[in-house]
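Inspection log for the structure reproduced underneath, given as structure tokens.
Numbering (the numbering used here), first residue to last: 230 to 514.
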């Protein structure tokens, strides 16, 4: 079994064993993937994000073989569908998309979308963040260019296009934490972004529900950011409890170097994820 040149490595034996288990018995496998930074390269404008073409080609093939595939993202589900083009794939019967950390869902077998109503606290958070950014940017030029993304159930504050992304993130994070506490929201840190969102579900909760299926023989979660750690933790717990194969697949980046330490399969960004997914389409023994 090959993994795709220098883009994929196996820091643990479990990573290689899980990869081989998925290849050998794909019909009983579960593959979960984050979107930004995993399937799609990180870009300056979140609306410009698109999946790696080779990853999508591999995903299309896997959807005819693998038992279950899930996209688990912080994006709104309709945005993930629009940017990812997942609904346009030839066979989506085994595909699910979980948006907003599982609060929103799309069922590829039925086409049904579930989106809860926006809580009032999210609208209030947006107004207060807009005022906050206007005031702080006037005082500190480093914050200029910081963008707000209204996700419906969450507000994303992106510093990637700020004059000084790192300084802007340091300046804004404690203020956003305080605002979230006051409004009864939670904060989710990420790569040059802080999200304020309603509810307390995370990617680990989504993965835990998917792993409730007793027929799953091998599972993997692919992620690149701090918000994916909860999913990795659930996967490891399931592996220890059941003795079945499970791999944490990390899309590595310089922005979150600590995530490399959690990898059973280490991929060099979305290109590496594409290479790993492609390796899963080979014929089992």
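All residues carry an ideal CB built from backbone N, CA and C; glycine is no exception.
Predicted, not measured: the structure shown is a model, and the values here were computed from it.
Every beta strand (DSSP E) stretch that sits fully inside the segment 240-268 and reaches 3 residues is listed by chain position as 258-262. Beta-bridge analysis with DSSP links residue 343 to 334. Of the candidates 237, 281 and 260, 260 places its Cα closest to the Cα of residue 298. Following the DSSP letters along the chain, one finds residue 377 inside the beta strand (DSSP E) bounded by residues 376-379. For residue 461, there is no enclosing beta strand (DSSP E); the residue is found in the alpha helix (DSSP H) stretching over 458-471.
With respect to residue 384, residue 351 sits close: the two C-beta atoms are nearer than 8 Å.
The residues 278, in chain order, have a CB closer than 6 Å to that of residue 272 in the same chain once the five nearest residues on each side in sequence are set aside.
Contact fails between the segment 455-473 and the segment 351-370, because fewer than three Cβ pairs, one in each stretch, are under 8 Å apart. Secondary structure at residue 351: helix, using DSSP grouped into helix, strand and coil.
The residues 256, 257 and 258, in chain order, have a CB closer than 6 Å to that of residue 296 in the same chain once the five nearest residues on each side in sequence are set aside. Residue 498 is a Cβ neighbour of residue 480, given a cutoff of 8 Å. In the structure shown, residue 271 falls within a coil segment according to DSSP collapsed to helix, strand and coil. DSSP places residue 385 in the strand class (E or B) of the three-state scheme.
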